[in-house]
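Asker: At position 46 of the sequence shown the residue is numbered 46 (UniProt numbering), and the sequence of numbers has no breaks.
Using N, Cα and C, we set each Cβ at its ideal position, and we do this for glycine too.
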Amino acid sequence: MHVFQILKNNVLIIDGDRTYSETVDNFLLDAGAVSVPESVIYDDTQECCVVDGDFLPYPNGTYSGYCERIQDLLDAQAKRTYVPPAELTEQERQEAQKASLKADYDSAVKDLTDSMAVALLTGDTDAQESIRADFKDLQAQYKEAMENV
Numbered sequence: 001m002h003v004f005q006i007l008k009n010n011v012l013i014i015d016g017d018r019t020y021s022e023t024v025d026n027f028l029l030d031a032g033a034v035s036v037p038e039s040v041i042y043d044d045t046q047e048c049c050v051v052d053g054d055f056l057p058y059p060n061g062t063y064s065g066y067c068e069r070i071q072d073l074l075d076a077q078a079k080r081t082y083v084p085p086a087e088l089t090e091q092e093r094q095e096a097q098k099a100s101l102k103a104d105y106d107s108a109v110k111d112l113t114d115s116m117a118v119a120l121l122t123g124d125t126d127a128q129e130s131i132r133a134d135f136k137d138l139q140a141q142y143k144e145a146m147e148n149v
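Laid out in structure tokens, this is it:
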């Protein structure tokens, strides 16, 4: 199904399951057109082409061409309406960095806690001392990293 329609200053193009809907002004930008009639009804199901109230011969290359170019129009519309994500503020960047450090710290603490549980259950005092030293180092590194953010 191909439909090209201009009614009430809005353009609607349907090509199968793809739909383009936009104001006439934005359609002119997307299509690179200079002007369009005030009203158009072009429908391949009904095999009709009505432009500003006048029946024109069907098919019409201009309006079938717009239907065939629907992907180009959708791409132009997406490009025109794209809003890039906002840059993070310094505070947001710092908060994100701190959250990442905290997640890494929590993961390392869990690993050390699991290792300590095994060392305690097996009675491995050397491993226990090593894990305590690693935990102390981890805390110092975490504190320093958080202060440097």
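May I ask you to report which of helix, strand or coil DSSP gives Asp-52?
Answerer: As a position in the sequence shown, residue 52 is number 52, starting the count at 1. It is coil, neither helix nor strand.
Asker: Per DSSP, what kind of secondary structure is Gln-94 in: helix, strand or coil?
Answerer: Residue mapping note: residue 94 aligns to position 94 of the sequence shown, counting from 1. Gln-94: helix per DSSP, three-state reduction.
Asker: Does DSSP classify Ser-21 as helix, strand or coil?
Answerer: One-based indexing of the sequence shown puts residue 21 at position 21. If DSSP states are grouped into helix, strand and coil, Ser-21 belongs with the strands.
Asker: Using CA atoms only, rank isn't needed, just tell me which of Gly-32, Glu-47, Val-51 is closest to Ile-6.
Answerer: Within the sequence shown, numbered from 1, the residue matching residue 6 stands at position 6. With distances taken between Cα atoms, Ile-6 lies closest to Val-51.
Asker: With Ile-13 and Val-24 assumed to form a contact (beta carbons below 8 Å), what rounded beta-carbon distance in angstroms separates them?
Answerer: Indexing the sequence shown from 1 puts residue 13 at position 13. Indexing the sequence shown from 1 puts residue 24 at position 24. The pair is not a contact, with the Cβ atoms about 12 Å apart (cut-off 8 Å).
Asker: Please give the ranges of any alpha helix (DSSP H) in the stretch 28 to 92, keeping only runs that are unbroken, at least 4 residues long and fully inside the region.
Answerer: 61 to 68, 70 to 81
Asker: Given a cut-off of 8 Å on the beta-carbon distance, is the pair Glu-22 and Gln-77 in contact?
Answerer: The residue labelled residue 22 in the question sits at position 22 within the sequence shown. The residue labelled residue 77 in the question sits at position 77 within the sequence shown. Contact: yes.
Asker: What residue range does the beta strand (DSSP E) around Asp-15 cover?
Answerer: Your numbering for residue 15 matches position 15 in the sequence shown. Element bounds for Asp-15: 10 to 15.
Asker: Whole-angstrom Cβ separation of Arg-80 and Asp-30, contact assumed at under 8 Å?
Answerer: Working through the sequence shown from its first residue, we reach residue 80 at position 80. Working through the sequence shown from its first residue, we reach residue 30 at position 30. About 7 Å separates the two Cβ atoms, so the contact holds.
Asker: Between the Cα of Asp-75 and the Cα atoms of Gln-139, Glu-129, Asp-126, Phe-27, which residue gives the shortest distance?
Answerer: As a working mapping, residue 75 is identified with position 75 in the sequence shown. Nearest in C-alpha terms to Asp-75, of all of Gln-139, Glu-129, Asp-126, Phe-27, is Phe-27.
Asker: From Glu-87 to Glu-95, what does the alpha carbon distance come to, in whole angstroms?
Answerer: Counted from its first residue, the sequence shown places residue 87 at position 87. Counted from its first residue, the sequence shown places residue 95 at position 95. Their Cα atoms are separated by approximately 14 Å.
Asker: Can you look up Val-3 in the DSSP assignment and give me helix, strand or coil?
Answerer: Sequence index remark: in the sequence shown, residue 3 carries index 3 (1-based). Strand at Val-3.
Asker: Select from Lys-8, Asp-43, Lys-143, Thr-19 the residue whose C-alpha is nearest the C-alpha of Asp-72.
Answerer: As a working mapping, residue 72 is identified with position 72 in the sequence shown. Looking at the Cα atoms, Thr-19 is the closest of the given residues.
Asker: Closest to Val-36 by CA distance: which of Val-11, Glu-144, Val-149, Ala-108 is it?
Answerer: To locate residue 36, count along the sequence shown from 1; it is residue 36. When only C-alpha atoms are compared, the closest one is Val-11.
Asker: Contact between the stretch 137 to 146 and the stretch 99 to 112: three or more CB pairs below 8 Å?
Answerer: yes
Asker: With burial defined as no fewer than 16 other Cβ atoms inside 10 Å of the residue's Cβ, what is the status of Val-83: buried or exposed?
Answerer: Position 83 of the sequence shown holds residue 83. By the 10 Å Cβ count, Val-83 comes out exposed.
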